[in-house]
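Have a look at the structure below before the remarks.
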Amino acid sequence: AQSVTQLGSHVSVSEGALVLLRCNYSSSVPPYLFWYVQYPNQGLQLLLKYTSAATLVKGINGFEAEFKKSETSFHLTKPSAHMSDAAEYFCAVSDFLSGNTPLVFGKGTRLSVIA
Amino acid sequence: DAGVTQSPTHLIKTRGQQVTLRCSPKSGHDTVSWYQQALGQGPQFIFQYYEEEERQRGNFPDRFSGHQFPNYSSELNVNALLLGDSALYLCASSRGTGYTGELFFGEGSRLTVL
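Going line by line, the protein sequences match chains U and E. Each residue of the first sequence is one higher than the last, beginning at 368 in my numbering. Each residue of the second sequence is one higher than the last, beginning at 4 in my numbering.
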């Protein structure tokens, strides 16, 4: 069964500092991987996705993630945090081969940005 | 272009009651998936509807049922409510049943069971 583990339920960074949110996946087949963001009182919005093309994936709002098969990781980064980045971030995995298994989400990491 | 809309946004029920939540997908989308997000947790897949049929189902009891209408809108019904059903219920729409594309989520319906 597929699963994702997000290390750290809460991450706090200073404005302008590097953002690093960690995600490790478990999958018996090549996965599709996703990062979603949830702002307060809103639904989830796709930040970026990995679908077996380039291992470094660029998303919206300056975020990017790198797929590392050897480490089974898909960490999310942003060089310089902005106050507006404060939100809940979810990593999710799906089955690559069938492309038709529901997304399995991690428990989420809440990002706080300190002025 | 309207995105995914859900109603109601908030509701309070008591144990044993029944609830119906509604979802209109994004224009051009034909598939609706429902997720339950308990407090402090990630969303968990309930089921997916396509062509008015339930196509896939997560690990949820039969108290959870759904429906999809010809206009692609969908309902989630929960019978015999339990305290543990308190959660944010998210509807997501997509084009087709594959998960390689982007899911568009609504803002959710927050259900409180007392």
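C-beta atoms are modelled at their ideal positions from N, C-alpha and C, and glycine is treated no differently.
Contact annotation, U:LEU400 with U:TYR392: C-beta distance approximately 6 Å; criterion of less than 8 Å satisfied. Shown here, E:LEU106 sits in coil according to DSSP, grouped into three states, outside any helix or strand. Comparing C-alpha distances from E:ARG66 to each of E:THR12, E:ARG18, E:LEU14, E:PRO11 shows the shortest one belongs to E:ARG18. As DSSP reads the structure, E:GLN47 sits in a beta bridge with E:GLN39. Going by beta carbons, U:ARG389 and U:LEU374 fall inside the 8 Å limit. With 16 or more other Cβ atoms inside 10 Å of its own Cβ, E:VAL116 counts as buried.
Contact between E:LEU84 and E:GLN20 holds: their C-beta atoms lie close to 5 Å from each other, under 8 Å. Rounded to the nearest whole angstrom, the C-alpha separation of U:PRO397 and U:CYS458 is 16 Å.
Counting only unbroken stretches of 4 or more residues, no alpha helix (DSSP H) element lies wholly within the stretch 49-115 of chain E.
Proximity of chain U to E:GLY45 at the Cβ level (cut-off 7 Å) is accounted for by PHE457, PHE472, GLY473, LYS474, GLY475, in chain order. The DSSP assignment places complete beta strand (DSSP E) segments of no fewer than 3 residues inside the stretch 437-481 of chain U at 440-445, 454-462, 476-481, in order along the chain.
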